[in-house]
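Participant: One point on numbering: in the numbering used here, the residue at position 170 of the sequence shown is 170, and numbering is uninterrupted.
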Amino acid sequence: MALSHSPESHTESGTTGLLDHPDATADTARPKVPRQARAGANSAGLRLGSAPTVVTAMAAALGATGLSATAAAAATTPVPAPATMLTAPDQQAAAQSDGAADPGLALAARIQQQADQRTAAEEAARLEAANEAAAKRAAQAEAAAQAEAAARAQAAAQAEQEHAAAQAAAARSAAEAAAAQAASEAAAAQAEAAAAPVTARLPLAKYTVAPSGSPWVQLRTGLDFAAAAGTPVGAVAGGTVSSAGWSGAYGYRVVQTLPDGTELWYCHLASIAVTAGEVAPGTVLGTVGATGASPSLLPGAAPIGPRLHLEVRPGGGAPVDPAAWLAAHGATV
1 MALSHSPESH
11 TESGTTGLLD
21 HPDATADTAR
31 PKVPRQARAG
41 ANSAGLRLGS
51 APTVVTAMAA
61 ALGATGLSAT
71 AAAAATTPVP
81 APATMLTAPD
91 QQAAAQSDGA
101 ADPGLALAAR
111 IQQQADQRTA
121 AEEAARLEAA
131 NEAAAKRAAQ
141 AEAAAQAEAA
151 ARAQAAAQAE
161 QEHAAAQAAA
171 ARSAAEAAAA
181 QAASEAAAAQ
191 AEAAAAPVTA
201 RLPLAKYTVA
211 PSGSPWVQLR
221 TGLDFAAAAG
231 TPVGAVAGGT
241 VSSAGWSGAY
251 GYRVVQTLPD
261 GTELWYCHLA
271 SIAVTAGEVA
281 PGTVLGTVGA
291 TGASPSLLPG
301 AAPIGPRLHL
311 EVRPGGGAPV
321 DPAAWLAAHG
331 ATV
């Protein structure tokens with residue numbers, strides 16, 4: 001198979017192809033060079049502007065099909081690319097189409113995008129976890145501080161309560177001790193007074209005693225001193241007025257308790273001068289009167305006017321003979 005090839009035809013047909021084959025039959029019977037993919041050309045280091053490399057490869061392929069050495073040599077001759085073959089915008093578009101059509105680059109871009117998104121999400125999650133941990137630690141520290149403050153306040157309140165209780169107990173103990181001391185001193189004074197001899201005196205300076213032979217006098221539990229109404233009645237001995245006031249048949253009565261516990265009753269008084277408190281021997285307790293039940297109204301009783309009825313009751317018990325008691329303590333009726 002013959003191949004006609006000339007530089008002129010190559011130059012004129014530079015915009016349509018590298019080889020000019022007018023013989024359609026010969027072109028049909030000629031084996032065709034496989035079309036190289038753009039991505040493959042890029043991966044093998046071939047670019048559109050490298051015309052000698054492309055021509056050399058095509059010549060090798062044509063030589064394998066029986067082309068003559070002359071045609072092969074002509075094919076290997078570098079052919080300058082026309083100035084209008086590929087411009088800068090075309091190169092930019094080709095580069096863009098190369099990147100858009102390359103599945104490896106697209107996959108790498110997607111992988112990088114996913115990695116960036118995953119990295120950003122992981123960083124956001126890490127920051128959120130760190131913030132949550134910091135907030136949790138702050139809350140725990142605040143709770144611990146509040147618990148410590150509450151514990152200190154409770155301890156202070158408990159200490160204050162214990163101190164107040166201790167002071168109250170001390171004051172109570174002191175009061176009890178003082179009361180016990182006072183009671184002891186009072187008991188000692190009472191015992192001393194009880195042990196001391198009682199010196200008695202007569203309650204009236206001027207009086208008459210009811211006849212001892214009268215039946216009424218025999219039934220009486222005390223001693224009647226007749227005197228003019230209003231005559232002052234003095235205390236027989238030193239002691240305490242424990243009771244004073246109206247007492248039924250006894251009329252107005254004053255009860256005096258001596259240190260040894262003996263009670264002296266002053267009855268039928270017209271008036272009362274002392275109602276309570278300590279009295280010394282001879283202190284005026286009231287005046288002679290005729291209040292209460294009059295002995296003259298009783299059957300067999302002798303008419304008696306104003307008088308002082310005196311009773312002596314040791315320990316506050318049953319009465320004894322006032323004349324004998326007065327005599328035993330230095331006063332003779």
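Note that the Cβ used here is the ideal one computed from N, Cα and C, for glycine as well.
Do Gly-277 and Thr-240 come within 8 Å of each other at the CB atom, strictly closer than that value?
Facilitator: Result yes, Cβ atoms of Thr-240 and Gly-277 sit closer than 8 Å.
Participant: Looking only at its own chain, which residues have a Cβ that is under 8 Å from the Cβ of Ala-196, when we skip the five neighbours before and after it?
Facilitator: Closer than 8 Å at the Cβ level, and outside the excluded window around Ala-196, lie Pro-259.
Participant: Can you grab the Cα-Cα spacing for the pair Asp-224 / Ala-193, in whole Å?
Facilitator: If you take the alpha carbons of Asp-224 and Ala-193, they lie about 28 Å apart.
Participant: Look at the alpha carbon of Ala-273 and the alpha carbon of Gly-222, and state the distance between them as a whole number of angstroms.
Facilitator: Answer to the nearest angstrom: the Cα atoms are 22 Å apart.
Participant: Is the CB-CB distance between Leu-269 and Gly-289 below 8 Å?
Facilitator: Going by C-beta atoms, Leu-269 is nearer than 8 Å to Gly-289.
Participant: Does the distance from the C-beta atom of Arg-201 to that of Ala-331 stay below 8 Å?
Facilitator: Against a cut-off of 8 Å, the Cβ pair of Ala-331 and Arg-201 comes out as a contact.
Participant: Output yes or no for whether 8 Å exceeds the beta carbon distance between Thr-291 and Val-233.
Facilitator: Cβ distance not < 8 Å, so Thr-291 and Val-233 don't count as in contact.
Participant: Indicate the three-state DSSP secondary structure (helix, strand or coil) for Ala-270 in the structure shown.
Facilitator: Looking at Ala-270 - three-state DSSP - the assignment turns out to be strand.
Participant: Spell out the partners DSSP gives Val-236 in its beta bridges.
Facilitator: Val-236 pairs with nothing; no bridge assigned.
Participant: Taking all protein chains shown into account, decide if Thr-231 is buried (16 or more other Cβ within 10 angstroms of its Cβ) or exposed.
Facilitator: Buried is the call here.
Participant: Have a look at Trp-265 and Ala-180 and give me their C-alpha separation to the nearest angstrom.
Facilitator: C-alpha separation (whole angstroms): 32 Å.
Participant: Return the CA-CA distance between Gly-315 and Glu-263, expressed in angstroms with no decimal places.
Facilitator: Gly-315 and Glu-263: Cα-Cα distance of roughly 7 Å.
Participant: Mark Val-236 as exposed unless 16 or more other C-beta atoms lie within 10 angstroms of its C-beta, in which case mark it buried.
Facilitator: Buried.
Participant: Any idea what DSSP makes of His-329, helix, strand or coil?
Facilitator: DSSP places His-329 in coil when its eight states are reduced to three.
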